[in-house]
Structure formats: C-alpha cells, structure tokens
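In the numbering used here, the protein residues as written are 312 to 707.
Note that the Cβ used here is the ideal one computed from N, Cα and C, for glycine as well.
So the structure is just underneath, and the comments pick up after that.
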Amino acid sequence: MSVFVENKGCLLLLDLDNFKNVNDTLGHIYGDNVLVDISNIFKDIETIYDGLRFYRMAGDEFIAIYKFTDYTKIEELVNEIKDRVSDFAINKGLNISTSIGIALYPRDGQSIEHLLMKADMAMYEAKENGKNTYVYFDTKMQEAVKEKTYIENKLIDALKTNNFQILYQPIYDIKTGEVVSFEALLRIKDSNISPAKFIPIAEKSNLIVDIGNWVIENVLSQIREWLNRGINVKPVSINISVKQFLDGTFLDLIKEYLDENNIYRDLIQLEITESLLLEKNEHTIQKLKTIKDLGIKLILDDFGTGYSSLSYLTYIPVDRVKLDKSLNDRFVNKYNIETIKNIIGLIKSLDLTVTAEGIETMEQVEILRQIGCDYVQGYVFSKPLIAEGCIDLLKN
C-alpha cells in the first residue's frame, strides 16, 4: 500500500557529492559528525514543509518522502535542500554538495520500491549533469540503463572469452606519404557496438583498467609476432585511460609486457587525454616523466575537445599533440586556415610535433601540408586495418 494514499507525492533520493573525500582526508569520525549535522539540517527543513519526512539510507545517501498539493513546492524544496547543504559546506570548508533524483507518485510508481528505483536513475543522471543539481525521472532513463547494462555485460563477456579485436589505423608523414606509426583501436568482435558507446561505459566502471591492460598485452604480443616474421615494424600508439594511468600497477605492467616480448621501448607510444591534466598534479607529471625515461613517447590525444589549453603543453612531458577530428572539421578549410595555422605554429614552437586525426579529404591534407602539420591520420588514406592488413601495407 502506498504511503501517499490519495495525495500527490514524490520520493527524493539525495546523495552527498564528493563525500568520500571527506572520509579519506579528514577521517571517518569527522565524516560521521558531518552526516549528523546534515541530518539535523534535514530535520529543520521538515518543520517548514508539511508532509515531508527524511530518512537516512546507507553511507551518504538520504531519501525524502513528500506529500504535496502544489508541484511548485517540489522545486522550492529541492532548492532549499541544495542551498542549505551548500551553506553548511562553505562554513565548514568542505567541497560537498547534493545531487537529487526525483520520482513522482503516482506517475512513476505505486510503491516505495518502484519510486526508489526511478529516483536512483534520476539521481545518477544528476551526477552526470555535473552534480549539485536535481533531475526528474523520465522513461528514457530506464532505456538508457538497460542499454548500459547490456553493454557492460558484453564487455565482461569479451574479457572472459577473449572476444575483443584490435584494429590498427596508419598514421602518415604528410610530406613523404610514408607510414610512420599506427594507432591501436579496440573493437568487440561480432558486435556493432561502437567504441564511442562502449568506451565511456567501461571508463565509468573499473572494467577500463582490465580492458586497457588487455590491449597493451595484445598489442605488444602482435608487435613481437611481426618482428618474428621479419616485418619492418612501425611504432604503435595505445590509448591510456585516466583510471588505467592512475592504477598502481600500470608502470610495472608496461615494463613486464615489454620485457616479456623483448620489444624496444620506441616501438610503443602512449596516448593520454587532457582530462588527466585538469589539475597540475605533481604525481601525474612525475609518472609521465618516468614513462618518458623508459624511452616511450607520449602523445596528447583529442586536443581541441573540452579542456584544451596550450598552457598544458608548457609543463607536461609529451612529444606530440594530436588535433581532434572536431577541431579539424571546424578549422581545416580555406575559410579558417589562419586559426589552425596559429594553433599548429604555437604547438610546434614548443618543440612538439603535430598529428591531425579524422582527416577525410585531400583538400584538408593539402591545407595541413601548407601550414606545417607533421602527420595525418584518417579515412582519406586508410581505414583501421586488421593486423594482416598492416603487413600488406608495409610491404607495399
């Protein structure tokens, strides 16, 4: 039987953003005291709104059940919660806020269990939207959760059954047309799930670490096979996720796989993204320097998406910058040639080389050649190839 009976109602699921950092840095006793203070804030809010009750769930999650007569009161309530928690956090010098998922009765469910499930989906959507916000459940979220679960299961199965495949896309010297390296690109065998869908899902779970390690192991094994066949092997670049890079075993695994396959360090390159560099973290910089000291080249991937700043390039020890397809699509044309020319010029002034990826027309190639780009990658020259296709390409 519903607690709302005849009334309109809603269930709010509240999660304290970044609360784990409080426990990790200030201790669990301090964290427990913060939760008591937050609970007292919620008790105070209960006195303002008729028909409102808060309940503590596990950890840093709370639910609120609210029987209301006017839908505008929901907006008023969630803003009250957000503001009160934010004021408390500021006074305590804490970096915490509140993400809230909202499920409506009777629209989204007839029972607490159903409403809680829907509010949970909405709360995670609020976190995806940048935290410290609220989101109402809608049916599209349910479909998204089903798809996410399906893809996660496909990834788990691919790890267990070795059902991944690595393709290799050639990268060309723009002046000579020579193949200078390849980028290793992961696919799921017998599946039309694109990397654009499955990589973000893997990154949001710990699957990305195991998947990333699988890629490193199999790329190095493939390089060893090519060497054994007398192929003039070109370096292969491997994409490294933030979680994989920060994993404590990452460096040891790289060394182990290189030694196991007896491969020179200059035959692999690691591609990192700017999201790794959002904070000028000394530990991150030192780890990058250690990789460089091993003789492995570093490439800054996806330059031109989201976080891009030339200031990163003054302190990170990379060898090359890869201009993202979105940047090239926008600026590599006769109307915006000065913009891309200036970007490439600034990068090269820091003694770095430049690769333009996602290049699809010879017009783009010619513009990039004129303005000093070093390397190009894209369907204009070659789609990603199976390993045997790389041999045919190198022989020809």
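Just tell me which of Asp-449, Tyr-690, Thr-444 and Asn-443 has its CA closest to the CA of Leu-426.
Asp-449
Just tell me which of Lys-429, Thr-409 and Ile-411 has its CA closest to the CA of Arg-418.
Lys-429
Is Ile-607 helix, strand or coil when you go by DSSP?
coil
So what does DSSP say about Gly-362, is it helix, strand or coil?
coil
Sequence-distant residues of the same chain with beta carbon closer than 6 Å to Gly-320, five excluded per side
Lys-378 and Tyr-416
For Leu-478, which option in Val-691, Tyr-623, Val-530 and Ile-654 has the closest C-alpha, if you only look at C-alpha atoms?
Val-530
What residue from Val-333, Leu-569 and Lys-471 has the CA that sits closest to Gly-404's CA?
Val-333
Which residue's Cα is closest to the Cα of Ile-658: Ile-670, Val-629, Arg-641 and Gln-681?
Val-629
Just grab the DSSP bridge partners of Ala-495 for me.
Tyr-479
Starting from the Cα of Asp-733, find the closest Cα among Ile-485, Ile-610, Gly-559 and Glu-585 and give me that residue.
One cannot answer for residue 733 here, as it falls past the ends of the chain, which runs 312 to 707.
How many whole angstroms separate the CB atoms of Asp-685 and Thr-664, which I take to be in contact at a CB cut-off of 8 Å?
4 Å
Given a threshold of 16 other Cβ atoms within 10 Å of its Cβ, counted over all protein chains shown, does Arg-631 qualify as buried or as exposed?
buried
For Gln-675, which three-state DSSP category applies?
helix
Quick check on DSSP: helix, strand or coil for Ser-622?
Helix at Ser-622.
Looking only at its chain, what residues have a beta carbon closer than 7 Å to the beta carbon of Gln-476, apart from the 5 residues adjacent to it on each side?
Arg-498 and Lys-500
Over what stretch of residues does the alpha helix (DSSP H) that includes Thr-450 continue unbroken?
Counted as a single uninterrupted DSSP element, the alpha helix (DSSP H) harbouring Thr-450 occupies residues 450-472.
In angstroms, rounded to a whole number, what distance separates the CA positions of Tyr-568 and Ser-422?
In this structure, the CA atom of Tyr-568 is about 53 Å from the CA atom of Ser-422.
Length-filtered (4 minimum) alpha helix (DSSP H) runs lying within the segment 403-449:
As far as the segment 403-449 is concerned, its whole alpha helix (DSSP H) runs of at least 4 residues are 423-439.
Could you check the C-alpha separation between Ile-655 and Asp-662 for me, to the nearest Å?
11 Å
Along the alpha helix (DSSP H) that carries Ser-552, what are the first and last residues, could you check?
Neither: Ser-552 is in no alpha helix (DSSP H) and is coded neither H nor E.
Whole-Å CB distance - Ile-670 paired with Asn-639, under 8 Å assumed
6 Å
Determine, using beta carbons only, whether Ile-323 and Ile-413 come nearer to each other than 8 Å.
It should be noted that the sequence gives Leu, not Ile, for residue 323. Contact flag set, yes.
By the DSSP assignment, the alpha helix (DSSP H) with Gly-523 in it spans what residues?
518-539
Cα-Cα, which of Ile-702, Gly-541, Ala-698 and Glu-677 is closest to Val-691?
Glu-677
With distance defined between alpha-carbon atoms, name the residue in Ile-596, Val-643, Phe-509 and Ser-637 nearest to Thr-625.
It is Ile-596 whose Cα lies nearest to the Cα of Thr-625.
Tell me which residue opens and which closes the alpha helix (DSSP H) that Ile-565 is part of.
Counting along the chain, the alpha helix (DSSP H) containing Ile-565 begins and ends at 561-572.
So is Met-432 buried or exposed if we call it buried at 16+ other beta carbons inside 10 Å?
buried
Start and end of the alpha helix (DSSP H) containing Ala-698?
698-706
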